[in-house]
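Notes follow the structure.
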Amino acid sequence: MALFKLIPCLVLFALFSFDVGVAHPGFGFGWGSNGPSIGRTYSSGLFPQFYQFSCPQADEIVMTVLEKAIARNPRMAASLLRLHFHDCFVQGCDASILLDDSATIKSERNAGPNKNSIRGFEVIDEIKAKLEQVCPQIVSCADILALAARGSTILSGGPSWELPLGRRDSTTASLNGANTNIPAPNSTIQNLLTMFQRKGLNQEDLVSLSGGHTIGVARCTTFKQRLYNQNGNNQPDETLERSYYYGLRSICPPTGGDNNISPLDLASPARFDNTYFKLILWGKGLLTSDQVLLTGNVGNIVELVKAYAEDESLFFEQFAKSMVNMGNIQPLTGISGEIRKNCHVIN
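Per the numbering used here, the very first residue in the sequence shown carries number 2; after that it's consecutive.
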């Protein structure tokens, strides 16, 4: 009799312990540039197969929406990557950046680093709406941001990675946190290191994640200081390569034009590659926070810039690792937070 009681237990054990890669070859959560995750542990409580049973179509839905959105507007890839970054550096990766103003919430979207700057909300909303049709209240907005960042990187020609999932959404936001925790475009190298270290990220993470600037653009207001008054003496930043400097002046006049844009990577602004690091070595980093990776002379940062400029595969490998590290910043898991029905408001 005991044998008959044991058999159902063994069946259940086998069902929940099989190799995901065998059951779902090419499954987006179990496979990436680093191979399957079976046997790996994730200290944050996240794991790649989180939606394997509850919403196996999630990654496919995300990628379908992204493909159309980025085909319409290639800049969108960089915007979605940045949205994930700006979310994780405030309260952790909890989708707090998506919350609107309300009686109890002051939206992070109104913070200095975000106001009139962050984009891509409509793409996240479209992904969420499609997921709610198929898997209602299963996939969190925080995980959608992480999936969109990975998908945007892939569709721009960058690396894939095995993405731990299972984040939940916050019921709060922090306007003050967004104003103080997101690195400014005029940051010194020590500012950058300090802000990254506070989030548990190291020098390799700082340099490789800065490489996300290989796609996208920046507004004139973020680099105008370098052209006209870098050190408070009405002089340009002397580290700017001369021809690049004159080109930027034509885009960004001394007065007005603050919303004019320039590519962060002038050579291949829509392609995820290692050109960003080559440009820094040539004095053609757009933001102060880009160029100080070379001029800051701290630790092994200069060596990392040179290594990534020389070896794109090395950059891709570290970028993938660092995106996982960043995605592990203070996630809400278990019974913390909630799964929002609408990413802009708490339930």
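The C-beta atom is built at its ideal place from N, Cα and C for all residues, glycine as well. Given the structure is predicted, the values throughout are model-derived calculations rather than measurements.
DSSP three-state assignment for residue i, whether helix, strand or coil
i, result
"H25", "Confidence in H25 is poor, its pLDDT being 29 and thus under 50, which makes the residue's placement too unreliable to answer from."
"E242", "coil"
"I262", "strand"
"P37", "Reliability of the predicted coordinates at P37 is poor, the pLDDT of 37 falling under 50, and the value obtained from them is presented with this limitation in mind. DSSP places P37 in coil when its eight states are reduced to three."
"L333", "strand"
"A219", "strand"
"F317", "helix"
"W32", "In this predicted model, W32 has a pLDDT of only 29, less than 50, meaning its place in the structure is not dependable; the value taken from the coordinates is given anyway. Coil."
"Q292", "helix"
"H87", "helix"
"K225", "helix"
"Q138", "coil"
"T105", "coil"
"L210", "helix"
"T154", "helix"
"V299", "coil"
"F197", "helix"
"R272", "coil"
"S80", "helix"
"T256", "coil"
"S55", "coil"
"V63", "helix"
"G248", "helix"
"V346", "coil"
"S161", "coil"
"S97", "helix"
"S118", "coil"
"S323", "helix"
"A308", "helix"
"Q191", "helix"
"F5", "Any reading at F5 must be qualified, since the residue scores a pLDDT of 42, below 50, and its modelled position is unreliable; the value itself is stated next. Of the three classes helix, strand and coil, the one that applies to F5 here is helix, per DSSP."
"G284", "coil"
"G233", "coil"
"Q92", "coil"
"C10", "For C10, the pLDDT reaches just 40, beneath the cut-off of 50, and the residue's location in the model is therefore unreliable, although a value from the coordinates is still provided. Here C10 sits in helix by DSSP."
For residue j and residue i, believed in contact at Cβ under 8 Å, the rounded distance
i, j, result
"G297", "I190", "3 Å"
"T240", "Q292", "5 Å"
"D60", "R168", "About 15 Å; that fails the 8 Å criterion."
"L355", "Q204", "Outside the shown range of the chain (2 to 348) lies residue 355, about which nothing can therefore be said."
"E349", "A219", "The structure shown does not extend to residue 349, since the chain is modelled only from 2 to 348, so the question has no answer here."
"V135", "I62", "7 Å"
"E313", "N275", "4 Å"
"P237", "Y246", "6 Å"
"S188", "S290", "4 Å"
"L84", "N329", "17 Å between Cβ atoms; not a contact."
"S263", "L282", "Rounded, the Cβ-Cβ distance is 19 Å, inconsistent with contact."
"C344", "D126", "7 Å"
Within 8 Å, strictly: CB atoms of residue i and residue j
i, j, result
"L288", "P186", "yes"
"G152", "M77", "no"
"E68", "L156", "yes"
"K225", "C253", "yes"
"G121", "L148", "no"
"P160", "F317", "yes"
"N372", "C221", "As displayed, the chain neither begins before 2 nor continues past 348, which places residue 372 out of reach and without an answer."
"I139", "S55", "yes"
"I106", "L100", "yes"
"N1", "M196", "A question about residue 1 goes unanswered here, because the residues of the chain that appear run from 2 up to 348."
"F278", "A310", "yes"
"G217", "L265", "yes"
"G93", "Q331", "yes"
"V303", "L194", "no"
"E133", "K342", "yes"
"K116", "V66", "no"
Paired residues, beta bridge with residue i - DSSP
i, result
"R169", "L333"
"F48", "L166"
"E339", "D170"
Cβ pair count under 8 Å reaching 3, the segment 322–331 against the segment 164–175: yes
Validate contact between the segment 135–153 and the segment 78–94 using beta carbons, cut 8 Å, 3 pairs: yes
Can you find at least 3 beta carbon pairs, one from the segment 260–279 and one from the segment 171–188, that sit closer than 8 Å? No, the segment 260–279 is not in contact with the segment 171–188.
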